[in-house]
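> Below you will find the structure I want to go over with you.
Numbering (the numbering used here), first residue to last: 793 to 1025.
Put into structure tokens, the structure is as follows:
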């Protein structure tokens, strides 16, 4: 029986497994994506998501975390599997299956020198260049996942600074949904969840009156992240 299994394994074609990372960041209320110009053939010089082949001694999430660290210098990033892309002709270089992951990072935290070293660049979601292979589809799918997540789970802990204003949080949701939200309804519904802790500090960068700063109630955030809520706005 063992020999039969070994012969079966030996007869199988070898297929490469890769992971591609859709890395979102928020910059001045604009949702951005980190991409770079591919350095290897085929398709060298074209814009691409950051990614890598999965090594024999690592899992797909470990490979994604390795890639993110190489490009940004960040660890412990929010990372979630998106879906598998297995079209037979998706990669002209070889038969390759990609398991895409999407990540959320604070743009102010990443290592700018590492990003520049790899020739990577941040683009606003509505200003993205055309990406190679099926990477445009991956971004489309990741945005839809993010929008769905924002309707059922709290979003912001991974993208906003530790202290933020409610208008800043609203800008994040507007960037995700690509539409203007009603200020009053957003604030009312958001505060109803008891998710925010109001601080005795104000952000006065946009006006003399200023806007109160908040931070997330981490314990409540985690509960809502696990149990979900209805944040249709």
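From the three backbone atoms N, C-alpha and C, an ideal C-beta is built for every residue, glycine too.
How close, in whole Å, do the beta carbons of residue 863 and residue 910 come, if the pair is a contact with beta carbons under 8 Å?
The Cβ separation is near 5 Å, so the contact holds.
> Determine the burial state of residue 805: buried for a count of at least 16 other Cβ atoms within 10 Å of its Cβ, exposed for fewer.
Result: exposed.
> Would you please state the rounded distance, in angstroms, between the beta carbons of residue 892 and residue 875? I believe it to be under 8 Å.
Right, their Cβ atoms sit about 6 Å apart.
> How far does the alpha helix (DSSP H) with residue 878 in it reach, from first residue to last?
Taken as a continuous stretch (DSSP letters only), residue 878 belongs to no alpha helix (DSSP H), as it is neither H nor E.
> Within the chosen definition, does the region 850–864 reach the region 1004–1019 through at least 3 CB pairs nearer than 8 Å?
Segments in contact, no.
> Quick check on this structure: which residue in 809, 941, 814 has the alpha carbon closest to the alpha carbon of residue 775?
Residue 775 lies beyond the stretch modelled for the chain, which goes from 793 to 1025, so this question has no answer here.
> Among 920, 951, 946, which residue has its Cα nearest to the Cα of residue 986?
Answer by Cα proximity: 946.
> Do you know how far the Cα of residue 982 is from the Cα of residue 846?
One C-alpha to the other measures close to 40 Å.
> If you draw a straight line from the C-alpha of residue 976 to the C-alpha of residue 924, how long is it?
Each residue's alpha carbon lies about 41 Å from the other.
> Can you name, in chain order, every residue of its own chain whose Cβ lies under 8 Å from the Cβ of residue 807, other than the five neighbours on each side?
887, 888, 889, listed in sequence order.
> Rounded to a whole number of angstroms, what is the C-alpha to C-alpha distance between residue 934 and residue 948?
If you take the alpha carbons of residue 934 and residue 948, they lie about 16 Å apart.
> Determine the burial state of residue 830: buried for a count of at least 16 other Cβ atoms within 10 Å of its Cβ, exposed for fewer.
Flag for residue 830 reads buried.
> What do you reckon, are the CB atoms on residue 993 and residue 955 nearer than 8 Å?
Yes, Cβ-Cβ distance for residue 993 and residue 955 is below 8 Å.
> Which residue spans inside the region 880–920 form an unbroken alpha helix (DSSP H) run of at least 4?
Complete alpha helix (DSSP H) runs here, min 4: 904–909.
> My output table needs one value for residue 1003: the three-state DSSP class, helix, strand or coil.
Residue 1003: strand per DSSP, three-state reduction.
> Per DSSP, which one or two residues make a beta bridge with residue 934?
DSSP lists no partner for residue 934.
> Compute the distance between the beta-carbons of residue 897 and residue 917, then report whether it is under 8 Å.
Not in contact: residue 897 and residue 917 (Cβ atoms no closer than 8 Å).
> DSSP state of residue 958, grouped into three classes?
It is helical.
> To the nearest angstrom, how far is it from the Cα of residue 839 to the Cα of residue 991?
Residue 839 and residue 991: Cα-Cα distance of roughly 42 Å.
> Which residue wins for smallest C-alpha separation from residue 962, given the options 1023, 927, 1012?
Closest option to residue 962, Cα to Cα, is 1023.
> In this structure, does DSSP put residue 851 in helix, strand or coil?
Three-state result, residue 851: coil.
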